[in-house]
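In what follows, a single structure is set out as structure tokens and then discussed.
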Amino acid sequence: MTEIAETIPDVADDAGNDSFLRDGIRIFCRNRMAMAGLIMVGCLVFVALFVSFISPHDPYRVALNEQFRPPSTTYWLGTDNFGRDLLTRILYGARISLVVGIVPSFISLMIGAVLGVVSGYYGGRVDFMIMRLADMMIAFPSLLLAMVVMYTLGANLFNIFIALSLVGWAGVARVVRAQTLAVKEKEFIEAARANGTKKVAIMVGHIFPNVVPTLIVLFSLSIPDAIMWESSLSFLGVGVQPPEASWGLLVAKGKEYLFSAPLVAIMPGVAILITVLAFNFVGDGLRDALDPYMKD
């Protein structure tokens, strides 16, 4: 009987987790904007993975005799100042935008999550030092800080990962710290302390799982920010460098021909707009789905 009784809480917890997951999926699926955003994100992922198979032309082929061709059956969106197919360049830019959106967001999320949990659980001087560092990062303009990093390290894709990871962790740390302060006062944390569980084990095994839903929402909402920052850096000339097909770089080069060939600048901007909206729709849907107060 003792062994059966010991297994009852685990079964209850599993059932509660399953119910929470089912309710979250149901709420997310009922959100039309979130589903539309998810479909658009799925299309973006598909394009990024299979762009070399679906792109109609070589993105690096230069044909000066075909500069600024208007949209046609051969060039659906026309060509740029080097005679390169604009649609192909935009499709290849989706790969860079997706990688830049996901990788730095994940790195900054992990840094912020670890520092936030440690700060909230230990408190005292540790909390003071981490939060003051986070305040400094938040007070400094993010784009300007990223530009300083890029000027210092050099303009390439790897350094963009470093720059965007540095500017994104502070906000995550503050949110996770607030969650940790609330969770560590719960009865099951007190019980774990009474049983002699080590602090690291409590943070990893008890506190961190309770902040995972918040981290999922933060991750989905930080991806469009990273895409916008990369586009801004590339537009300013300190991000992705030619001849790579970054959306921000395409807009920067296309603005010189805004009146003679407006599609060269407008269409990459539209791609950025649609992608950012899609991820924001998904993030808003996840926030509603994972919020316990939204459950019926």
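Okay, so the sequence shown: first residue is 0 according to numbering that gives the first Met the number 0, each after it adds one. All C-beta atoms in this analysis are idealised placements derived from N, C-alpha and C, irrespective of residue type, glycine included.
In angstroms, rounded to a whole number, what distance separates the CA positions of residue 278 and residue 139?
In the sequence shown, the residue the question calls residue 278 occupies position 279. In the sequence shown, the residue the question calls residue 139 occupies position 140. Taking the straight line joining both Cα atoms gives about 25 Å.
For the candidate residues 121, 78 and 136, whose alpha-carbon lies nearest to that of residue 202?
Taking the first residue of the sequence shown as position 1, residue 202 is located at position 203. Minimum Cα distance to residue 202 is reached at 121.
Would you report the Cα separation of residue 285 and residue 276, rounded to the nearest angstrom?
In the sequence shown, the residue the question calls residue 285 occupies position 286. In the sequence shown, the residue the question calls residue 276 occupies position 277. Looking at the two C-alpha atoms, the distance is approximately 14 Å.
Counting Cβ pairs closer than 8 Å, one from the region 145-152 and one from the region 215-233, do we hit at least three?
yes
Distance CB(residue 176)-CB(residue 119) smaller than 9 Å:
Start at 1 with the first residue of the sequence shown, and residue 176 comes out as number 177. Start at 1 with the first residue of the sequence shown, and residue 119 comes out as number 120. In contact: residue 176 and residue 119 (Cβ atoms closer than 9 Å).
Using the rule of at least 16 other Cβ atoms within 10 Å of the residue's Cβ for burial, across every protein chain shown, is residue 218 buried or exposed?
On the sequence shown, position 219 is the one that residue 218 refers to. Around the beta carbon of residue 218, 16 or more other beta carbons sit within 10 angstroms, so the residue counts as buried.
Please look up how many angstroms separate the CB atoms of residue 111 and residue 169, rounded, as I've assumed it's under 8 Å.
Within the sequence shown, numbered from 1, the residue matching residue 111 stands at position 112. Within the sequence shown, numbered from 1, the residue matching residue 169 stands at position 170. So it is a contact: roughly 7 Å between Cβ atoms.
Could you tell me the boundaries of the alpha helix (DSSP H) in which residue 229 lies?
Walking along the sequence shown from the start, residue 229 turns up at place 230. It spans 207-234 - the alpha helix (DSSP H) in which residue 229 sits, taken as one unbroken run.
Straight-line Cα distance separating residue 136 from residue 179
For this step, residue 179 is matched to residue 180 along the sequence shown. For this step, residue 136 is matched to residue 137 along the sequence shown. Rounded to whole angstroms, residue 179 to residue 136 spans 21 Å at the Cα level.
Give the C-beta separation of residue 50 and residue 90 to the nearest angstrom, bearing in mind that I take them to be a contact with Cβ-Cβ under 8 Å.
Position 51 of the sequence shown, counted from the start, is the residue given in the question as residue 50. Position 91 of the sequence shown, counted from the start, is the residue given in the question as residue 90. About 5 Å separates the two Cβ atoms, so the contact holds.
Limits of the alpha helix (DSSP H) - the one that residue 143 falls within
Residue numbering aside, residue 143 sits at position 144 when the sequence shown is read from its first letter. Counting along the chain, the alpha helix (DSSP H) containing residue 143 begins and ends at 141-152.
Buried or exposed for residue 267, going by 16 or more other Cβ atoms inside 10 Å?
Reading the sequence shown from its first residue, position 268 is the one you call residue 267. That one is buried.
Count the other CB atoms within 10 Å of the CB of residue 158; is the residue buried (16 or more) or exposed (fewer)?
Mapped onto the sequence shown, residue 158 falls at position 159. Result: buried.
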